Amino acid sequence: MSWHIEGTYFENCNCDMICPCTTSGLTAPADNGRCMVVLAFHVDSGDVDGVDVGGLTVCIVADSPALMGEGGWKAGVLIDAAASAEQAEALVAVFGGQRGGPMAGLAGLIGERAGLQTAEISYSDDGRRHQVRAGDAVEIMVEDFVSPFDPTGQGVKVSGVGFPAHPPAAGTAASSRVSAFGMTWDNAGKNSFSAPFAWSA
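Per my numbering, the very first residue in the sequence shown carries number -11; after that it's consecutive.
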């Protein structure tokens, strides 16, 4: 069986703008001693083995060594409480990398699987500002950066990045609070990326 999903994503980590981890394909160290990141994916439309997963959101919370490519990540997954058991199983398989696709490459870097939780998740994206709230665990709002010298107003995009949600727009977090799976931080003012994605396998 096959699957296809598409939607929008954003992430916020504790690197300064612009995160060297993502822009180097995980071969350059983070700006700080560890990388603390949340990736939020909203599926606008999608089908996994005949299961409709449109309208649902997944958040991945991770803490890794500064050189992310070396592995040893601690990661947990927050699944939209609006998902049925069948939908949740499908999303976990895709975003956990078990069904192949882009997340399969990241799955091998996880040394500690911190768990899976459901949460009431709200997600919004107006093309410039991106916001997610997952129960009491995650509350983040980021905004893409637009250079005052850019007459197009299109914002700063990063090209040549291997992560398959592209081209990512660079920005910073207006607010960022995380307390999930034993990981707690506030990354307000720190790096963000956002982009549409369309994946299949």
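Ideal Cβ positions, reconstructed from N, Cα and C, are used throughout, including at glycine.
This one's a predicted model, so the numbers in the text were calculated from it and none came from an experiment.
No residue range can be given for CYS7, since it is assigned to no beta strand (DSSP E) and is classified by DSSP as neither H nor E. Apart from sequence neighbours up to five positions away, the residues of its chain that approach LYS145 with a beta-carbon distance below 6 Å are PRO155 and ALA157, ordered along the chain. Using a Cβ-Cβ distance cut-off of 8 Å, the region 88 to 108 and the region 58 to 69 are in contact, since at least three pairs of beta carbons, one from each stretch, lie closer than that value. Straight-line spacing of the CA atoms in GLY148 and CYS7 works out to 14 Å. Annotated as distal: ALA161 and PRO184, with beta-carbon spacing of 8 Å or more.
Secondary structure note for MET129: its beta strand (DSSP E) is the uninterrupted segment 126 to 132. DSSP, read as helix, strand or coil, puts LEU44 in strand.
Looking at the backbone, the Cα of VAL31 and that of TRP61 are separated by about 24 Å.
Taking the CA atoms as reference points, GLY170 sits about 14 Å from SER52.
In terms of CA proximity to ILE48, GLU127 leads the group GLU127, GLY42 and PRO17.
No Cβ-Cβ contact shorter than 8 Å links VAL80 with VAL36.
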